[in-house]
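Residue numbers (our numbering): 1 to 107.
Don't be surprised by glycine CBs; every beta carbon is placed ideally from N, CA and C.
Keep in mind the model is a prediction, meaning the values are calculated, not measured.
This report concerns only the one structure given below.
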Amino acid sequence: MQLPPKVTSRAFERLAEIGAATDGKALRVAVEGGGCSGFQYEIALDEPRDDDLVLEGAGEKVVVDAVSLPFLTDAVIDFTEELIGARFVIENPNATSSCGCGTSFSM
């Protein structure tokens, strides 16, 4: 059974801060081939599409396309602020290894 990804309240709060829903946008999380470990995350503000899985909270949306969904089973989409900067991050239990920057992984 595939469990959809979860989105933390911090991630939804950050989307609200930047006014994503006000602009008709959602946070798109996708997985593409490439990167130094085989797959890489693509994270961007985008308009929701008809075939997207839509995760909603605090009036905001996070969307995942059908092709990326199996790669993100039971993952957690979060927002973090560190000394090196602030960014959306993905904790993916399906990844067997990842690169140092956290945007590339293998399965």
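- In the DSSP assignment, LEU15 falls within the alpha helix (DSSP H) that extends over 9–18.
- Comparing C-alpha distances from VAL29 to each of ALA11, GLY19 and ALA16 shows the shortest one belongs to ALA11.
- With a beta-carbon spacing of about 7 Å, LYS61 and LEU55 fall inside the 8 Å limit used to define contacts.
- Cβ-Cβ distances below 6 Å link LYS6 to VAL76 in the same chain, with the five nearest sequence neighbours on each side left out; the list follows chain order.
- Of GLY34, LEU45 and TYR41, the smallest CA-CA separation from SER68 is found for TYR41.
- In chain order, ASP51 place their CB closer than 7 Å to the CB of ALA66, counting only its own chain and leaving out the 5 sequence neighbours on each side.
- According to the DSSP assignment, ILE90 belongs to the beta strand (DSSP E) that extends over 85–91.
- Around the beta-carbon of LEU3, fewer than 16 other beta-carbon atoms lie within 10 Å, marking it exposed.
- Judged by DSSP secondary structure, ASP78 falls within the beta strand (DSSP E) whose first and last residues are 76–82.
- Taking the C-beta atoms as reference points, VAL63 is found nearer than 9 Å to PRO48.
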